[in-house]
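Each number in my numbering comes from the position in the sequence shown (counting from 1) with 882 added on. All residues carry an ideal CB built from backbone N, CA and C; glycine is no exception. Take a look at the structure below.
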Amino acid sequence: MKLTNSYTRIFIFICMSFVTLFAQNNLFNIVYPQDNKLHTELTLNVVIEAHSQNFDTLKIVTPIEQINIDLNNDKSIYCKGISLKLGENRITVRSYKNKKFISEKIKHVYVSSQLSHQYKYPPIKYKNSYFHNDKNEAKCLRCHDMSVNEVKDVAFKDITKSNCYKCHKNITKEKYGHAPAVNWLCTECHNIKSKDKSKYGITESISKSCFHCHKENKELWDASRYRHEPLDSGHCNKCHNSHSSPYEMFLRKPVNEICMGCHKDKHAKALPTKNSKCGFNDKKQCTDCHTPHATNRPFLLKEVLNKVKK
Ligand code: HEC
Ligand code: HEC
Ligand code: HEC
Ligand code: HEC
Ligand code: HEC
Ligand code: HEC
Ligand code: HEC
């Protein structure tokens, strides 16, 4: 009898904890991002739905920043652009009342990079996912204009007037910006609509979208005898960020780091070693001698061998 009693008590206790846990977890909801998103940019949007009067502050904690949001009784949706690092990012949202912690929710996002062995192969739980379909956009329509308002080939006089700007302004914030992106002509490249993916997809062969404008490069490179593999296979974006970057030519990293990124990897030839005749030394840039794109000279050399100073 006593035994059953304590079982009942434990049972009731467990039920009660679930009820409180459940209630607390329902205090707010992370509308975006969904868990285990695979990403390529270092910026991301976070959208939180918070109805409750049970707390007064939300805190977004990421590996690189902490953002405090003071709640406002008239609002139920809170949107923030955040920055990420390469690899795994844990995004924790915590709620507080009078500085006392109440509850938290966590989402995981992985930013992959083709230029580093460490971040090239994300754990399998991470999946590509897309935001721009009617179902997701419906959650924003009440307050945001989700339509495209760009006119083909006409740059915005005031870029803040682009409907895309409000949510994506961080994507062009770096020092070196690519012309179509900094003029907010996003659909010059994001022009593939698909039902199960995104309204703003991009052709599978990225170079096709680049050559749409860079026609002279295409002619020159097509006519060359040797073409660099990542270019030939359509992956301009492995080296260039199409939007903006801290490095000239919107390269994803400084030149030598870009080249090392792959040539240390077993999939490409090993880094030039002491035994190879490659003239690399620490004071030189790989592109002093090699072209990243295409050439008529072997080993992607810019000049004839005997003219290369060693
Ligand atoms: C020159 C072509 C080009 C233009 C112009 C362009 N993009 Fe992109 N965008 C790309 C490519 C290529 C990718 C695929 C990601 C990569 O580079 O690996 C991409 C990816 C993205 C992503 C997804 C990032 C991720 O990891 O899921 C977002 C968001 C995005 N672009 C927004 C924009 C916005 C907003 C604009 C307008 C300001 C824009 N893009 C203009 C080429 C372009
Ligand atoms: C209840 C109205 C409302 C809804 C619904 C809403 N937003 Fe917002 N959003 C705003 C307002 C107002 C701003 C600008 C003021 C601010 O920064 O809080 C904003 C700003 C943003 C920003 C810019 C934040 C920053 O850090 O600059 C992003 C990104 C954003 N919203 C995304 C979304 C997405 C995605 C959805 C749908 C899932 C959505 N919003 C739904 C009202 C809303
Ligand atoms: C209300 C906010 C909002 C507006 C307005 C908005 N986006 Fe997005 N967009 C998002 C969110 C959230 C994502 C998910 C990725 C992220 O957080 O960076 C996204 C992702 C994307 C992607 C990656 C593919 C996908 O579907 O996930 C592209 C490309 C993109 N947006 C282009 C655009 C363009 C072009 C416009 C203007 C016509 C636009 N966006 C307007 C919120 C917005
Ligand atoms: C809508 C047209 C358009 C598309 C599509 C486009 N670009 Fe550009 N790009 C430009 C313009 C305009 C410039 C600036 C003028 C110039 O220097 O050629 C530019 C400049 C560049 C530069 C710097 C050139 C320099 O000398 O400073 C690079 C690198 C570049 N683009 C790469 C790309 C890549 C990679 C893609 C595909 C992901 C791409 N572009 C797609 C229009 C485009
Ligand atoms: C292996 C890395 C890599 C790949 C892949 C790559 N680029 Fe480049 N790109 C560079 C570097 C590095 C520069 C800087 C110029 C230099 O030092 O020669 C550059 C410069 C440029 C320039 C300006 C200079 C010029 O030669 O006109 C354009 C335009 C350009 N790239 C477009 C593209 C396009 C389009 C593709 C895809 C078809 C592409 N790139 C693929 C690394 C790359
Ligand atoms: C995205 C990966 C990637 C990047 C970044 C990259 N390469 Fe390559 N590279 C390759 C692959 C793959 C090959 C073809 C396989 C091979 O011959 O090793 C290649 C071939 C080469 C070759 C020709 C080797 C030969 O035997 O003919 C040279 C030279 C070269 N790359 C130099 C560079 C330089 C310089 C850079 C930086 C501007 C660079 N690579 C950046 C992947 C890359
Ligand atoms: C001073 C000029 C010079 C510089 C700087 C240089 N290279 Fe080379 N590289 C050469 C020459 C010349 C060859 C051809 C050697 C031969 O004839 O075997 C070569 C060959 C190569 C090869 C193919 C053969 C091998 O050794 O694997 C690769 C890959 C390569 N270089 C990558 C790079 C990378 C990556 C950098 C920058 C870290 C770089 N090179 C910097 C001149 C240079």
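Out of 1099, 963, 944, which one is the CA nearest neighbour of residue 928? Indexing the sequence shown from 1 puts residue 928 at position 46. Ranked by Cα distance from residue 928, the first of 1099, 963, 944 is 963.
Could you spell out where the alpha helix (DSSP H) holding residue 1099 opens and where it closes? Within the sequence shown, numbered from 1, the residue matching residue 1099 stands at position 217. If you look at residue 1099, you'll find it in the alpha helix (DSSP H) that goes 1097-1104.
Tell me whether residue 1000 sits in a helix, a strand or coil according to DSSP, three-state version. The residue you call residue 1000 lines up with position 118 of the sequence shown. Helix, per DSSP.
Since residue 1027 sits in a beta bridge, which residues does DSSP pair it with? The residue labelled residue 1027 in the question sits at position 145 within the sequence shown. In DSSP, residue 1027 forms no bridge with anything.
So is residue 988 buried or exposed if we call it buried at 16+ other beta carbons inside 10 Å? Here residue 988 is taken as the residue at index 106 of the sequence shown, counted from 1. Exposed is the label assigned to residue 988, since fewer than 16 other Cβ atoms lie within 10 Å of its Cβ.
Thinking residue 966 and residue 1001 are a contact (beta carbons under 8 Å), I'd like their distance in whole angstroms, please. Working through the sequence shown from its first residue, we reach residue 966 at position 84. Working through the sequence shown from its first residue, we reach residue 1001 at position 119. About 12 Å; that fails the 8 Å criterion.
Expressed to the nearest angstrom, what Euclidean distance is found between the alpha-carbon atoms of residue 1141 and residue 981? Position 259 of the sequence shown, counting from 1, holds the residue named residue 1141. Position 99 of the sequence shown, counting from 1, holds the residue named residue 981. The alpha-carbon atoms of residue 1141 and residue 981 are separated by roughly 49 Å.
Identify the residues that DSSP records as bridge partners of residue 1183: which are they? Translated into the one-based positions of the sequence shown, residue 1183 becomes position 301. Per DSSP, 1172.
Within 10 angstroms of its Cβ, does residue 1184 collect 16 or more other Cβ (buried), or is it exposed? Position 302 of the sequence shown holds residue 1184. That one is exposed.
Are the CB atoms of residue 1033 and residue 1069 nearer to each other than 8 Å? Locating residue 1033 in the sequence shown gives position 151, where the first residue counts as 1. Locating residue 1069 in the sequence shown gives position 187, where the first residue counts as 1. In this structure, residue 1069 does not lie closer than 8 Å to residue 1033 by Cβ.
Per DSSP, the bridge partner or partners of residue 961: Counting from one through the sequence shown, the residue named residue 961 turns up at place 79. Within the DSSP bridge table, the entry for residue 961 names 929 as partners.
Please name the residue in 920, 933, 1053, 1019 whose C-alpha comes closest to that of residue 995. Your numbering for residue 995 matches position 113 in the sequence shown. Out of 920, 933, 1053, 1019, 920 has the C-alpha closest to the C-alpha of residue 995.
Under the three-state DSSP convention, the category residue 968 falls into: Within the sequence shown, the letter at position 86 stands for residue 968. Assigned with DSSP and collapsed to three states, residue 968 falls in coil, not helix or strand.
For residue 1108 and residue 1177, I'd like the C-alpha separation in whole angstroms. Here residue 1108 refers to the residue found at position 226 of the sequence shown. Here residue 1177 refers to the residue found at position 295 of the sequence shown. Each residue's alpha carbon lies about 5 Å from the other.
With DSSP run on the structure shown, which of helix, strand or coil describes residue 1048? The residue given as residue 1048 occupies position 166 in the sequence shown. Helix, per DSSP.
Beta-carbon separation of residue 935 and residue 941 under 8 Å? In the sequence shown, counting from the first residue as 1, residue 935 sits at position 53. In the sequence shown, counting from the first residue as 1, residue 941 sits at position 59. No Cβ-Cβ contact shorter than 8 Å links residue 935 with residue 941.
Around the Cβ of residue 1025, are there at least 16 other Cβ atoms within 10 angstroms (buried) or fewer (exposed)? Within the sequence shown, residue 1025 is the residue found at index 143, counting from 1. Residue 1025 should be labelled exposed.
Local conformation of residue 1177 per DSSP, three classes: Working through the sequence shown from its first residue, we reach residue 1177 at position 295. If DSSP states are grouped into helix, strand and coil, residue 1177 belongs with the strands.
Flag residue 1122 as yes when its Cβ comes closer than 7 Å to any non-hydrogen atom of ligand 6, and as no otherwise. Indexing the sequence shown from 1 puts residue 1122 at position 240. No, since every heavy atom of ligand 6 falls outside the 7 Å radius drawn around the Cβ of residue 1122.
How is residue 978 classed by DSSP in three states: helix, strand or coil? The residue labelled residue 978 in the question sits at position 96 within the sequence shown. It is a strand residue.
Where residue 1023 falls, given that 16 or more other Cβ within 10 Å makes a residue buried: Your numbering for residue 1023 matches position 141 in the sequence shown. By the neighbour-count rule (16 or more Cβ atoms within 10 Å), residue 1023 is not buried but exposed.
Report back the beta-carbon spacing between residue 918 and residue 1021 to the nearest angstrom; my notes put them in contact at under 8 Å. One-based indexing of the sequence shown puts residue 918 at position 36. One-based indexing of the sequence shown puts residue 1021 at position 139. Their Cβ separation, rounded to whole angstroms, is 20 Å, which puts residue 918 and residue 1021 out of contact at 8 Å.
For residue 1095, is the classification buried or exposed, using 16 other Cβ atoms within 10 angstroms of its Cβ as the cut-off for buried? Counted from its first residue, the sequence shown places residue 1095 at position 213. Burial call: exposed.
CA-CA distance, residue 1131 and residue 1115? Looking up residue 1131 in the sequence shown gives position 249. Looking up residue 1115 in the sequence shown gives position 233. Within the model, the alpha-carbon separation for residue 1131 versus residue 1115 is close to 20 Å.
Is residue 1178 close to ligand 7? I mean its beta-carbon at under 7 Å from any heavy atom of the ligand. Here residue 1178 refers to the residue found at position 296 of the sequence shown. In this structure, residue 1178 has its CB at a distance of at least 7 Å from all heavy atoms of ligand 7.
If you run the structure through DSSP and keep just helix, strand and coil, what is residue 1042? One-based indexing of the sequence shown puts residue 1042 at position 160. Residue 1042 falls in the helix class under three-state DSSP.
Can you tell me which of 1066, 1012, 1059, 1018 puts its alpha carbon nearest to the alpha carbon of residue 1040? Here residue 1040 is taken as the residue at index 158 of the sequence shown, counted from 1. Put simply, of 1066, 1012, 1059, 1018 the residue whose alpha carbon is nearest the alpha carbon of residue 1040 is 1066.
Please tell me whether residue 978 and residue 938 are closer than 8 Å, where the distance is taken between their beta carbons. As a first step, residue 978 must be located in the sequence shown, where it is residue number 96. As a first step, residue 938 must be located in the sequence shown, where it is residue number 56. Result yes, Cβ atoms of residue 978 and residue 938 sit closer than 8 Å.
Do you know how far the Cα of residue 925 is from the Cα of residue 1047? Taking the sequence shown and counting its residues from 1, the one referred to as residue 1047 is at position 165. Taking the sequence shown and counting its residues from 1, the one referred to as residue 925 is at position 43. Put simply, the backbone Cα of residue 1047 is about 14 Å away from that of residue 925.
Apart from the five residues just before and just after residue 1100, which ones in its own chain have a Cβ nearer than 7 Å to its Cβ? Residue mapping note: residue 1100 aligns to position 218 of the sequence shown, counting from 1. Excluding sequence neighbours, residue 1100 sits near 1093.
I want to check one thing, is the minimum distance from the CB of residue 1095 to the heavy atoms of ligand 4 below 7 Å? Reading the sequence shown from its first residue, position 213 is the one you call residue 1095. Checking every heavy atom of ligand 4 against the Cβ of residue 1095, one is found closer than 7 Å.
In angstroms with no decimal places, state the Cα-to-Cα distance between residue 1017 and residue 1059. Position 135 of the sequence shown, counted from the first residue, corresponds to residue 1017. Position 177 of the sequence shown, counted from the first residue, corresponds to residue 1059. Whole-angstrom Cα-Cα distance: 32 Å.
Within 7 Å: the Cβ of residue 996 and any heavy atom of ligand 6? Counting from one through the sequence shown, the residue named residue 996 turns up at place 114. The answer is yes for residue 996.
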